[in-house]
DNA sequence: CGAGAATCTGTCATAGACTGACAAAAGTCA
DNA sequence: TGACTTTTGTCAGTCTATGACAGATTCTCG
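Protein chains in written order, with this note's numbering: chain A, 860 to 1072; chain B, 860 to 1072.
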């Protein structure tokens, strides 16, 4: 599958890699905002116009990678037994192999680190994680026994997606190891599964203390 | 409170209002992306340079309003009894008066409608709802009995914030009335409070397949 | 009222992101 | 080698956004 047969193909792949490498390097040394496309192009030894033939925009160098593991989540969800709740199914999918793929990707952590250090990128990063929200919501709807397009399925899907991003962001910021990521994700998903208001949830506000912890 | 004493103040307010009105009108008629700042400036009868003296960017005309009700949430949370769980406390805050303020603002629905129709704005809209996340998380941490900066408090806060946005977006898209918004929000918050992996109502957390490896 | 300070505005010039058009260069194939 | 396709660079242009300067307006105080 990774067989760029012709000379042309190989050259294209090399150019693309050169642009990404040059961009990430520059982003890390002088910051994302302070890095211009002209500089990236010069460092990659292509013309600025060529940059836009490979990427639609500057953020695409960071977030436009097609090989990212999160994209598989909806497809993998379909393989889980329908009796599993949305949270448990997602947890199992992540455990299967996505988490390891994430932590083993050497570029991933560098990307997230750049995003965390660039306010203007945070919104887009979050949205990036939300890309397959509709597919996830469709899967969740059946697990929750609600109509296919019910807004509650969307609520759950966006909460799950958001949790994933929040946890990963914190994990990268902390610089913890792979085991810790699994641990944090499990704890967070436990919260999602069992609810945020441990004692209450009753219409009559019976403020039982938080003592259940 | 709304006393623009000096002539200068009033003129500034008028200019600002003119820019917002012209922008919203243009966004609705020809779309956000297709509307240039030059056009907004011309319609508002100011120079393009002046536009940037009132707003930092084009999106600021839509999302940079300082009088938006959501900003009060963290402050209002502080007034809720600490025994209330994060979800119940937020629900009460919203019920108090924020929801009515939201539905009664004539510009709000138009703004959200423009955002929903402009993909490039969706990410920013979401982020806009996330603006006071850290404050919310700090409040939630005490209610959850975890350290002040625990990532789990952030997970809950972002889930709540995200739920609010998801529900409001769906509500605007559906064109429902104010009662329906309260109803949807209550249902969604019930989900958050009791957990996502509960098919019907299982108070005792019976970990279905949590026999994880 | 009038002078001076502070503020607001328009014009000009500029940087950076991004796009279309066209021609030169390189790869492909007969 | 020569026709054909793809990739690339150059050029010109639009749009967003910002800094600098000068003129006009408003405010303040004597």
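For each residue, glycine too, the CB sits at the ideal point set by N, CA and C.
Minimum Cβ-Cβ distance from residue i to chain A less than 8 Å
| i | result |
| --- | --- |
| residue 1010(B) | yes |
| residue 985(B) | yes |
| residue 1035(B) | no |
| residue 872(B) | no |
| residue 981(B) | yes |
| residue 865(B) | no |
| residue 976(B) | no |
| residue 954(B) | no |
| residue 906(B) | no |
| residue 1053(B) | yes |
| residue 991(B) | no |
| residue 1043(B) | yes |
| residue 1000(B) | no |
| residue 1050(B) | yes |
| residue 881(B) | no |
| residue 893(B) | no |
| residue 959(B) | no |
| residue 1014(B) | yes |
| residue 900(B) | no |
Close-in-space but distant-in-sequence residues of the same chain around residue i (CB under 8 Å, 5 per side omitted)
| i | result |
| --- | --- |
| residue 935(B) | 952, 955 and 957 |
| residue 1033(B) | 1039 |
| residue 909(A) | 874 and 900 |
| residue 884(A) | 902 |
| residue 979(A) | 891 and 892 |
| residue 1025(A) | 1047 |
| residue 941(B) | 1001 and 1002 |
Residue i and residue j closer than 8 Å at C-beta
| i | j | result |
| --- | --- | --- |
| residue 991(B) | residue 896(B) | no |
| residue 920(A) | residue 878(A) | yes |
| residue 971(A) | residue 1019(A) | no |
| residue 1044(A) | residue 988(A) | no |
| residue 997(B) | residue 1006(B) | no |
| residue 1000(B) | residue 993(B) | no |
| residue 1054(B) | residue 865(A) | no |
Whole-angstrom C-beta distance between residue j and residue i, which should lie under 8 Å
| i | j | result |
| --- | --- | --- |
| residue 891(A) | residue 973(A) | 6 Å |
| residue 982(A) | residue 986(B) | 4 Å |
| residue 1014(B) | residue 1047(A) | 5 Å |
| residue 899(A) | residue 882(A) | 5 Å |
| residue 975(A) | residue 1031(A) | 7 Å |
| residue 1037(B) | residue 962(B) | 4 Å |
| residue 943(B) | residue 1011(B) | Going by Cβ atoms, the distance from residue 943(B) to residue 1011(B) rounds to 17 Å, so no, they are not a contact pair. |
| residue 969(B) | residue 887(B) | 7 Å |
| residue 905(A) | residue 874(A) | 6 Å |
beta-carbon residue i near the ligand SAM non-hydrogen atom, thresh 7 Å
| i | result |
| --- | --- |
| residue 897(A) | In terms of ligand content, the structure shown is empty, and the ligand SAM therefore cannot be addressed. |
Any C-beta of chain B under 8 Å from that of residue i
| i | result |
| --- | --- |
| residue 936(A) | no |
| residue 1039(A) | no |
| residue 1056(A) | yes |
| residue 973(A) | no |
| residue 1047(A) | yes |
| residue 1022(A) | yes |
| residue 995(A) | no |
| residue 1069(A) | Interpretation of residue 1069(A) is limited by its pLDDT of 37, a score under 50 that renders its predicted location unreliable; the figure taken from the coordinates is listed afterwards. Yes, contact with chain B. |
| residue 875(A) | no |
| residue 912(A) | no |
| residue 1031(A) | no |
| residue 946(A) | yes |
| residue 1026(A) | yes |
| residue 918(A) | no |
| residue 903(A) | no |
Close-in-space but distant-in-sequence residues of the same chain around residue i (CB under 6 Å, 5 per side omitted)
| i | result |
| --- | --- |
| residue 922(B) | 987 |
| residue 1066(A) | Residue confidence for residue 1066(A) is low, a pLDDT of 37 falling below 50, so the modelled location carries little weight; the figure read from the coordinates is stated next. The answer is none, since no qualifying residue turns up. |
| residue 995(A) | 933 and 1016 |
| residue 984(B) | 974 |
| residue 977(B) | 891 |
| residue 950(A) | 1048 |
Close beta carbons around residue i, own chain, < 7 Å, minus the five adjacent residues each side
| i | result |
| --- | --- |
| residue 948(B) | 936, 939 and 1002 |
| residue 907(B) | 896, 897 and 900 |
| residue 964(A) | none |
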